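**Student:** Quick one: the structure is below, questions incoming.
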Amino acid sequence: MLEVDLHHSFGGFTLEARFQAPPGVTVLFGRSGSGKTTIVNAVAGLLTPDEGRIAAGEWVLLDTARGIRLKPHRRRLGYIFQEGRLFPHLTVRQNLGYGAWFAPKDAPREDLGRVVELLGVGHLLDRRPGALSGGEKQRVAIGRALLSSPRLILADEPLAALDEARKAEILPYFERLRDEVSVPILYVSHSASEVARLATTVVALDAGKVIRQGTASEILGDPSVLPAGAREAGAVLTATVAAHHPDGLTELSAGGTPLFLPHIAQPLGSQIRVRIAAHDVILARGRPENLSALNILRGTVKEIRSGEGPGAIVALDTPGGRVLARITRRSVAALGLAPGVTAHAVVKTVSVAPGDIGAGGGHA
Amino acid sequence: MDWLGPEEWRAVALSLQVSFWATLVSLPLGVFTAYALARWSFPGKQLLNGIVHLPLILPPVVTGYILLLTFGTRGPVGSLLNEIGIVFAFRWTGAALAAGVMAFPLMVRAIRLSIEAVDPKLEQASATLGAAPLWVFLTVTLPMALPGIVAGAILAFAKAMGEFGATITFVSNIPGQTRTIPSAIYAFLQVPGGEGSAMKLVLVSVTVAMSALLVSELIARRVAARVGGK
Chain A
240 MLEVDLHHSF GGFTLEARFQ APPGVTVLFG RSGSGKTTIV NAVAGLLTPD
290 EGRIAAGEWV LLDTARGIRL KPHRRRLGYI FQEGRLFPHL TVRQNLGYGA
340 WFAPKDAPRE DLGRVVELLG VGHLLDRRPG ALSGGEKQRV AIGRALLSSP
390 RLILADEPLA ALDEARKAEI LPYFERLRDE VSVPILYVSH SASEVARLAT
440 TVVALDAGKV IRQGTASEIL GDPSVLPAGA REAGAVLTAT VAAHHPDGLT
490 ELSAGGTPLF LPHIAQPLGS QIRVRIAAHD VILARGRPEN LSALNILRGT
540 VKEIRSGEGP GAIVALDTPG GRVLARITRR SVAALGLAPG VTAHAVVKTV
590 SVAPGDIGAG GGHA
Chain H
22 MDWLGPEEWR AVALSLQVSF WATLVSLPLG VFTAYALARW SFPGKQLLNG
72 IVHLPLILPP VVTGYILLLT FGTRGPVGSL LNEIGIVFAF RWTGAALAAG
122 VMAFPLMVRA IRLSIEAVDP KLEQASATLG AAPLWVFLTV TLPMALPGIV
172 AGAILAFAKA MGEFGATITF VSNIPGQTRT IPSAIYAFLQ VPGGEGSAMK
222 LVLVSVTVAM SALLVSELIA RRVAARVGGK
């Protein structure tokens with residue numbers, strides 16, 4: 240387990256971060272300027288913090304108190320940068336093999352063929368990065384990091400420079416990386432969808448401080464922690480594929496509650512994470528009837544958070560899991576919503592974005 | 022090329038020899054200096070930059086005289102080197118030294134620009150993949166700056182071919198030893214009837230200089246295309 244404890248001041252900004260990254264994907268989640276990239280660069284050794292300690296057991300990367308500052312090239316990390324940073328003068332094959340050349344001979348190695356197949360870059364091997372699309376570049380960058388025999392993979396918003404279609408193309412590769420490769424991943428993101436789909440652990444950051452650490456469902460389902468702002472609010476449910484219906488719908492089971500979504504290309508019984516955006520949820524006191532929406536979840540109001548504006552976030556505990564709803568304060572008053580009150584969350588099938596549905600990753 | 026007489030041939034061959042060695046020996050030092058100026062910050066950086074550029078702005082005769090005072094047989098450096106058998110004064114090696122010194126600023130400028138054009142983020146990426154600083158330089162910085170380095174070397178070679186003032190002041194104008202093309206042209210023009218030989222050497226000079234410029238332009242364009250197409 241990687242333990243990070245950093246203190247760093249620069250240009251009026253103070254970073255005071257302390258967290259643990261267990262195996263799996265640990266997402267550093269926060270809006271831009273919250274210090275996420277600074278943390279990752281400190282872990283990589285590209286930035287030396289004023290004070291701090293970064294270690295995993297006996298393996299100490301940084302310990303300012305003991306004067307240990309491992310050089311970046313001795314840290315054995317696979318860093319996937321936002322802009323890819325492939326070497327333009329080398330072919331894809333040479334880029335992929337670059338890190339392996341410097342790795343210790345006895346280090347555990349990923350097989351080139353397996354990684355090439357995992358990332359689908361076999362047809363690109365003899366090209367140069369200049370001839371690749373944005374998504375292809377990023378896949379090669381993932382492979383390059385993976386093949387350097389890293390003890391830890393760092394990814395700094397690897398999807399932020401891509402358009403929605405390319406994001407949808409790359410995200411499944413990170414899911415496979417999480418589920419098929421044992422190397423822990425430290426992943427920086429400001430996107431709630433990426434957190435919902437990828438995170439084993441979430442470290443929520445705001446203004447250089449860790450405000451909360453927990454699982455994806457804990458962090459995204461807590462209305463008091465909204466590192467990406469109220470607009471991005473939305474809880475994540477864990478469900479299994481129960482049936483594929485002939486009319487194109489996939490029926491999930493979230494703790495026994497049926498959930499109908501547009502077709503999901505996953506076999507029956509496989510585990511799915513679904514993020515339900517809070518602004519897509521309608522609340523009702525009684526069970527609504529004669530309604531086009533297919534998903535109605537009954538639950539108990541747990542918490543209501545009102546801000547300065549007209550909106551409020553209502554947390555509803557249902558048998559399928561926590562659901563957040565973003566409604567107006569006027570509606571909260573009109574429905575008489577308060578902690579302990581029974582309510583129904585209404586979720587339109589088609590309102591769930593494909594980017595918010597992810598496969599695997601264990602319980603969110 | 023029968024149209025060149027033996028004396029003219031000797032000048033051309035000597036010029037090529039002098040320029041070749043001047044370029045070859047100064048290239049590693051030029052790359053190192055350019056890298057230091059492009060990537061490091063250290064006390065005295067501006068002073069080093071000034072010294073490197075000095076031969077470009079001083080009168081060549083002054084540079085030649087400083088070389089004579091320093092590397093002459095009785096100069097502080099020259100007398101030391103003399104003891105281990107390295108002599109510059111009035112030898113072709115001295116002509117090469119003068120040519121190398123005069124061409125150095127041009128070489129360093131070209132290489133420095135090409136090193137500065139290499140994105141430090143790529144060097145960081147290389148380090149995170151396990152490359153020690155020397156390997157980062159050899160596998161990323163150097164190959165990416167290579168077109169600029171080649172252009173700098175060609176520029177230096179052309180400049181060395183044309184060096185006159187510092188050479189004649191430092192190592193005089195001895196046929197077969199230090200009489201390079203410019204010195205030979207100067208000598209031919211001093212005697213009646215030498216214009217024909219001088220003109221032939223002028224043609225050789227122009228041809229070499231133009232070819233060098235063309236090649237270096239071509240390479241510069243390739244660099245621009247590569248940086249733009251990244």
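Those sequence lines, one after another, are chains A and H. Here the numbering used here is used: the first residue of the first sequence is 240, the next is one more, and so on. Here the numbering used here is used: the first residue of the second sequence is 22, the next is one more, and so on. Ideal Cβ positions, reconstructed from N, Cα and C, are used throughout, including at glycine. Since we're looking at a predicted model, the values are computed, not measured.
So does the segment 341–350 of chain A actually touch the segment 163–182 of chain H, counting three or more Cβ pairs closer than 8 Å?
**Tutor:** no
**Student:** Rounded to a whole number of angstroms, what is the C-alpha to C-alpha distance between residue 472 of chain A and residue 460 of chain A?
**Tutor:** The alpha-carbon of residue 472 of chain A is positioned some 8 Å away from that of residue 460 of chain A.
**Student:** Using a beta-carbon distance below 9 Å, is residue 164 of chain H in contact with chain A?
**Tutor:** Yes, contact with chain A.
**Student:** Report the residue from H/169, H/207, H/230 and H/241 whose alpha carbon sits nearest the alpha carbon of residue 186 of chain H.
**Tutor:** Measuring C-alpha to C-alpha distances from residue 186 of chain H to each of H/169, H/207, H/230 and H/241 identifies H/207 as the nearest.
**Student:** Going by other Cβ atoms of all chains shown within 10 Å of its Cβ, with 16 needed for buried, is residue 175 of chain H buried or exposed?
**Tutor:** buried
**Student:** So, is residue 529 of chain A buried or exposed, given that buried needs 16 or more other C-beta atoms within 10 angstroms?
**Tutor:** exposed
**Student:** Within 9 Å of any Cβ in chain A, is that where the Cβ of residue 154 of chain H sits?
**Tutor:** So yes, residue 154 of chain H belongs to the interface.
**Student:** Who are the neighbours of residue 143 of chain H on chain A, taking C-beta pairs under 9 Å?
**Tutor:** What residue 143 of chain H touches in chain A, judged by beta-carbon distance under 9 Å, is 324, 325, 326 and 327, going in chain order.
**Student:** Would you mind telling me which residues of chain H sit closer than 9 Å to residue 320 of chain A, beta carbon to beta carbon, in chain order?
**Tutor:** 142, 145, 146 and 149
**Student:** If you measure from the beta carbon of residue 312 of chain A to each beta carbon in chain H, is any gap under 9 Å?
**Tutor:** The Cβ of residue 312 of chain A sits closer than 9 Å to at least one Cβ of chain H.
**Student:** Any idea what DSSP makes of residue 344 of chain A, helix, strand or coil?
**Tutor:** Residue 344 of chain A falls in the coil class under three-state DSSP.
**Student:** Is there a Cβ from chain H that is less than 9 Å from the Cβ of residue 387 of chain A?
**Tutor:** Taking Cβ atoms only, chain H reaches closer than 9 Å to residue 387 of chain A, which makes this a yes.
**Student:** Which residues, taken in chain order from the segment 406–424 of chain A, show a beta carbon closer than 9 Å to some beta carbon of chain H?
**Tutor:** none
**Student:** Quick one: grab the DSSP three-state call for residue 524 of chain A.
**Tutor:** coil
**Student:** What in chain A is Cβ-close to residue 161 of chain H, meaning under 7 Å?
**Tutor:** Residues of chain A passing the Cβ test: 326.
**Student:** For residue 61 of chain H, tell me which candidate among H/224, H/39 and H/133 has the shortest Cα-Cα distance.
**Tutor:** H/133
**Student:** Under the DSSP definition of a beta bridge, which residues are partnered with residue 452 of chain A?
**Tutor:** A/442
**Student:** According to DSSP, residue 299 of chain A sits in a beta bridge with which residue or residues?
**Tutor:** A/294
**Student:** Indicate whether at least one CB of chain H lies closer than 9 Å to the CB of residue 337 of chain A.
**Tutor:** yes
**Student:** Is residue 221 of chain H helix, strand or coil when you go by DSSP?
**Tutor:** helix
**Student:** Could you work out which residue in A/537, A/416 and A/566 is closest to residue 548 of chain A when comparing CA atoms only?
**Tutor:** If we check each option's Cα against that of residue 548 of chain A, A/566 comes out closest.
**Student:** Is residue 247 of chain A closer than 9 Å to residue 309 of chain A when the C-beta atoms are compared?
**Tutor:** no
**Student:** Output the distance between the C-alpha atoms of residue 29 of chain H and residue 238 of chain H, rounded to the nearest integer angstrom.
**Tutor:** 29 Å
**Student:** Report the partner residues of residue 328 of chain A according to the DSSP bridge assignment.
**Tutor:** According to DSSP, which records beta bridges pairwise, residue 328 of chain A is partnered with nothing at all.
**Student:** Let me know if residue 24 of chain H comes out buried or exposed under the rule of 16 or more other beta-carbons within 10 Å of its beta-carbon.
**Tutor:** Residue 24 of chain H should be labelled exposed.
**Student:** Quick check: is any heavy atom of the ligand NAP less than 8 Å from the C-beta of residue 71 of chain H?
**Tutor:** As presented, the structure is devoid of all ligands, the ligand NAP included, so that no description of it is given.
**Student:** Is there contact here, the segment 249–266 of chain A with the segment 432–449 of chain A, by at least three beta-carbon pairs under 8 Å?
**Tutor:** yes
**Student:** For the beta strand (DSSP E) containing residue 374 of chain A, list its first residue and its last residue.
**Tutor:** Premise fails: residue 374 of chain A lies in the alpha helix (DSSP H), 373–385, not in any beta strand (DSSP E).
**Student:** Would you mind reading off the limits of the alpha helix (DSSP H) that contains residue 185 of chain H?
**Tutor:** No alpha helix (DSSP H) contains residue 185 of chain H, which DSSP labels as neither H nor E.
**Student:** Helix, strand or coil: which one does DSSP assign to residue 486 of chain A?
**Tutor:** In the structure shown, residue 486 of chain A adopts coil according to DSSP, grouped into three states.
**Student:** Does the beta carbon of residue 171 of chain H come closer than 9 Å to any beta carbon on chain A?
**Tutor:** no
**Student:** Buried or exposed, going by whether 16 or more other CB atoms sit within 10 Å of the CB of residue 312 of chain A?
**Tutor:** It counts as buried.
**Student:** Please list the terminal residues of the continuous alpha helix (DSSP H) segment that includes residue 103 of chain H.
**Tutor:** From DSSP, the alpha helix (DSSP H) with residue 103 of chain H extends over 97–104.
**Student:** Using a Cβ-Cβ cutoff of less than 6 Å, which residues in the same chain neighbour residue 475 of chain A once the five nearest sequence positions on both sides are dropped?
**Tutor:** For residue 475 of chain A, where only same-chain residues beyond five positions count, the Cβ hits under 6 Å are 435, 455, 456, 459, 512, 514 and 603.
**Student:** Of all the CB atoms in chain A, is at least one closer than 9 Å to the CB of residue 52 of chain H?
**Tutor:** no
**Student:** For the alpha helix (DSSP H) holding residue 87 of chain H, just list the boundary residues, first then last.
**Tutor:** 81–92
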